[in-house]
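Notes to accompany the following structure.
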Amino acid sequence: GVWTSNPAPLLRPNEGWHMNGAGLIMNSKFGFGLMDAYEFVRQAKSWKNVPQQRSCATYFPGFVKRGIASQVNTVLTFTTDGCAGLQNEINYIEHVQLIADINHNNRGRLEIWLTSPAGTRTRLLKPRINDNSDGGFPSWPFMNLHNWGENPRGQWQLKVNDLGQMNSPSSGVINNITLIIYGTKEMPFHYNQPRNYTDIDFNKIEIPNPAPTPPPQNSNPWFSPIPSARSAEILKSYETNPKFRDLVRRNSDVFNTVLNELMEENYAIRQRRKTHYYNQKEFFSK
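For the sequence shown, position 239 matches number 304 in our numbering, and the numbering has no gaps at all.
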């Protein structure tokens, strides 16, 4: 549907259309446009299956908690290599999941934006005036399709805005984040096909500005990203093991404890080249 959808009928009366780093036109309200049955059938005649989906998780074991305050934009920048050179390497994004662990005494005031290395800016969370919960977002997954087709490598930016007023201030803390990227290593065959972009007024399309190329080493003192070579196994266990999934959903403390243990082991494997592996398969089968 992403490749065959037609945004033209929805473009003129509606605002908010933009193009991502892969050249796809989209809107947060209307997705990639109207489904086109003719294009479905036309491409189905020569369709080739897409490559195997992979997942790449970037953890931050060196994360330093960041405060959130009213009328203050908290901006975090970090880099990922898309698990380059590993079995779960990703060069073409299908969707992105940001897991944010945030404490806040009035979460309805929060607005969250994620910007990719290609410059695609997506609002993951908008303010909600009727949400006065003080529960924050404990290990909360936010999903984003707007980066479809982009390369994940480079500098990402996360912006958390607290829109509370100074006469009624609110506050919180970003405890940690995890970026999980889903996609393929090889380019899908249909990416070679022309897009369904006839009758498009490109003057109404916002074009992203790519993020600057980061230095060879991450100079941001807040982060120490470690892409996990075994992240695919962890995510698969979460999806296929009901006991573990239920435990994670009902107890964020358990999730954080397990995640920290796995991150420490990944750090040892990737940075220190140790040969000892944490037996995740044995753990998740309990």
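Built from N, CA and C at the ideal position, the CB exists for glycine as well.
Neighbour-count burial assignment, residue i, 16 or more Cβ in a 10 Å radius
{"i": "Q220", "result": "buried"}
{"i": "A183", "result": "buried"}
{"i": "S181", "result": "buried"}
{"i": "V161", "result": "buried"}
{"i": "T144", "result": "buried"}
{"i": "G66", "result": "exposed"}
{"i": "A109", "result": "exposed"}
{"i": "M231", "result": "exposed"}
{"i": "S70", "result": "buried"}
{"i": "T123", "result": "buried"}
{"i": "F254", "result": "exposed"}
{"i": "G147", "result": "buried"}
{"i": "T263", "result": "exposed"}
{"i": "R119", "result": "buried"}
Extent of the continuous beta strand (DSSP E) run through residue i
{"i": "Q222", "result": "219-227"}
{"i": "Y103", "result": "It is not in any beta strand (DSSP E) - Y103 instead sits in the alpha helix (DSSP H) that spans 102-109."}
{"i": "A73", "result": "That residue, A73, is in no beta strand (DSSP E); its alpha helix (DSSP H) goes 73-76."}
{"i": "P203", "result": "202-209"}
{"i": "W178", "result": "175-180"}
{"i": "V380", "result": "For the chain, the structure presents residues 66 to 351; residue 380 sits outside this window and is missing."}
{"i": "T69", "result": "Note, T69: premise wrong, no beta strand (DSSP E); not H, not E."}
{"i": "L163", "result": "157-169"}
Residue i (DSSP reduced to helix, strand or coil)
{"i": "D238", "result": "In the sequence as presented, Asp is not what sits at residue 238; that position holds Val. DSSP places V238 in strand when its eight states are reduced to three."}
{"i": "Y262", "result": "coil"}
{"i": "F128", "result": "coil"}
{"i": "L99", "result": "strand"}
{"i": "R193", "result": "coil"}
{"i": "N212", "result": "coil"}
{"i": "N79", "result": "coil"}
{"i": "N232", "result": "coil"}
{"i": "N92", "result": "strand"}
Spatially closest choice to residue i from the options, by CA coordinates
{"i": "N226", "options": "R218, V137, T180, V115", "result": "V137"}
{"i": "G229", "options": "R193, T123, W82", "result": "R193"}
{"i": "S394", "options": "L210, I167, N257, Q222", "result": "Residue coverage of the chain in this structure runs from 66 to 351, which leaves residue 394 outside it and unanswerable."}
{"i": "P234", "options": "I242, T243, R77, N197", "result": "N197"}
{"i": "I42", "options": "D266, E271, Y256, L141", "result": "What the structure shows of the chain is the stretch from 66 to 351, and residue 42 is not part of that stretch, so it cannot be assessed."}
{"i": "L75", "options": "M91, G86, A87, L189", "result": "M91"}
{"i": "K352", "options": "L163, I265, N257", "result": "In the structure displayed, the chain extends from 66 to 351; residue 352 sits before or after that span and is not available."}
{"i": "N79", "options": "S93, A134, I177, W213", "result": "S93"}
{"i": "P72", "options": "I272, P273, F267", "result": "F267"}
{"i": "N85", "options": "L179, L190, V238, I239", "result": "L179"}
{"i": "R260", "options": "V238, G88, R77", "result": "G88"}
{"i": "P368", "options": "G81, C121, F97", "result": "Summary: the structure shown does not reach residue 368, with the chain confined to residues 66 through 351, and so no result is reported for it."}
{"i": "E176", "options": "K191, A165, T187, L163", "result": "K191"}
{"i": "F95", "options": "L210, G214, I272", "result": "L210"}
{"i": "I155", "options": "I164, N274, Q117", "result": "Q117"}
CB contact check: residue i to chain C, cutoff 8 angstroms
{"i": "G98", "result": "This model lacks chain C altogether, as it is built from one protein chain only."}
(message) Does the region 160-172 come into contact with the region 199-211, if we say contact requires no fewer than three beta-carbon pairs (one atom in each stretch) closer than 8 angstroms?
(response) With a cut-off of 8 angstroms, the region 199-211 and the region 160-172 count as touching, because enough Cβ pairs lie within range.
(message) Taking contact to mean 3 or more Cβ pairs, one atom from each stretch, closer than 8 angstroms, check whether the region 87-103 and the region 129-145 are in contact.
(response) The region 129-145 and the region 87-103 do not touch, with fewer than three beta-carbon pairs separated by less than 8 angstroms.
(message) With a threshold of 8 angstroms, are at least 3 pairs of Cβ atoms found where one atom belongs to the region 246-253 and the other to the region 148-163?
(response) Touching, yes.
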